[in-house]
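Position 82 of the sequence shown, counted from 1, bears residue number 553 in our numbering, the numbering being contiguous throughout.
Just so you know, even glycine gets a beta-carbon here, dropped at the ideal spot from N, CA and C.
These numbers were taken from a predicted model, which means no experiment stands behind them.
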Amino acid sequence: MKTKLGKIFSMLMVLAVVMVMLPGNPSQASPMVRVIIQGKSVEAAARAAQNEGGLVLDDLGIINAVAAEVPQASLARLAVAEGVVRVTLDRAVEAAGWGHGHMANVEFSKSIGAADVWETGNYGQGVTVAFLDTGIEPTFLPLRIGADGNHQRFLAYYDALSDTEYGPRRLWRSPRDPSGHGSHVAGIVGNSFYEFQDGEYRGVAPAANLVAVRVLDETGGGTYIDILKGMNWVIQNKDTYDIRVLNVSMYAAPVAPYWADPFNLAVMAAWDAGIVVVTSAGNGGPDPLSIGVPG
């Protein structure tokens with residue numbers, strides 16, 4: 472039932488876009504638009520895009536989809552093409568909260584009682600947290616060195632914007648964090664700076680390992696396609712880096728039922744892969760479609 476309703480919803484949304492955006496002159500070449508095509512398989516989605524003269528940009532296997540550029544005039548046909556489940560226009564995403572100027576040296580552990588957990592000897596060691604954000608600044612020592620003395624806790628940096636991966640020896644060549652938002656969020660989780668006066672660390676899990684997944688630019692803005700590329704990479708590499716937690720501090724305006732939104736579907740795929748997903752939430756509501764995706 473959800474699949475049928477989702478396809479009907481997708482068709483209606485695409486038809487509405489076509490009616491608004493279709494050029495007035497039939498002979499005018501149709502402009503290209505970026506879309507996410509979900510299919511019964513990745514191959515079916517790619518084939519549908521190519522049959523309409525589209526260009527496949529990325530494999531988004533996390534939701535059996537591809538990112539593609541297709542002629543705007545083909546959207547209605549794509550929505551009902553064989554093997555296609557849903558077509559979604561690429562959409563904007565924004566970082567939730569502070570941006571430039573708010574870096575990693577933050578203190579939040581007291582407000583949630585992290586010290587009670589530390590007393591059991593648990594500082595987050597052995598757990599890797601991936602941050603889907605603007606990047607992480609690799610030169611900030613409390614994020615490079617863990618509370619357990621581990622100098623190699625910053626395991627990897629993946630830049631979805633350029634599709635480039637940086638290992639621990641190449642972090643300095645990464646785009647780092649041109650916004651500050653990602654480093655700020657990573658600091659809340661993993662800042663290992665120790666307050667001798669209070670006897671507490673500033674981060675909640677000061678010994679956890681960290682992985683940066685850059686999907687937002689220096690302004691804190693991004694797109695669904697880059698978000699899905701980043702989440703796809705996390706699932707593909709979860710065993711390599713033992714990623715058990717994924718932090719997603721961003722939001723997009725909701726325009727579809729929860730189960731029809733590609734971002735939400737990717738979050739559910741991460742759950743199915745055994746990853747705990749933490750998202751920003753609570754900044755909207757209570758009316759229908761008033762709480763940002765994916766919170």
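### Task
State buried or exposed for I583, treating a residue as buried only when at least 16 other CB atoms are found within 10 Å of its CB.
exposed
Exercise for the section: Could you check if K511 is buried or exposed, using at least 16 other CB atoms within 10 Å of its CB as the buried criterion? Expected result: exposed
- Query: Which residue or residues does DSSP assign as beta-bridge partners of M503?
  - Reply: P542
Handout entry: Coarse secondary structure for F611, derived from DSSP in three states
Key = coil
Checklist line | A740 - containing beta strand (DSSP E), residue span | finding: Premise fails: A740 lies in the alpha helix (DSSP H), P733 to D743, not in any beta strand (DSSP E).
Subject >> Under the three-state DSSP convention, the category G510 falls into >> reply: The three-state reading of DSSP puts G510 in strand, counting E and B together.
Q.
According to DSSP, is P497 part of a helix, a strand, or is it coil?
A. Note that P497 scores 36 on pLDDT, short of 50, meaning its location in the model is unreliable; the coordinates nonetheless yield the value given after this. Looking at P497 - three-state DSSP - the assignment turns out to be coil, as it is neither helix nor strand.
Host alpha helix (DSSP H) of L699 (start-end) | Y695 to Y712
Distance between A520 and L526 (C-alpha atoms, nearest Å): 7 angstroms
Practice task
Measure the C-alpha to C-alpha separation of G524 and G651 and round it to an integer number of angstroms.
Solution key: Their Cα atoms are separated by approximately 40 angstroms.
Neighbourhood of D732 by C-beta, 6 angstroms cutoff - its chain only, sequence neighbours within 5 removed = In its chain, beyond the 5 residues on either side, V764 have a beta carbon closer than 6 angstroms to the beta carbon of D732.
**Item:** Buried versus exposed, by CB contacts within 10 Å (16 or more), Q707
**Value:** exposed
Note to self: I need the DSSP call for P757, collapsed to helix, strand or coil.
What the structure shows: coil
For this session: Mind checking which residues open and close the beta strand (DSSP E) that includes D648?
Result: Premise fails: D648 is in no beta strand (DSSP E) and is neither H nor E.
- Query: Are M739 and L603 close, meaning C-beta to C-beta below 8 angstroms?
  - Reply: no
Practice task
Note down the Cα distance separating V491 from Q543, rounded to an integer number of angstroms.
Solution key: Because the pLDDT at V491 is just 42, under 50, the model does not fix this residue reliably, and the point stays unresolved.
*Would you kindly report the start and end of the unbroken beta strand (DSSP E) that includes A563?*
A563 to A566
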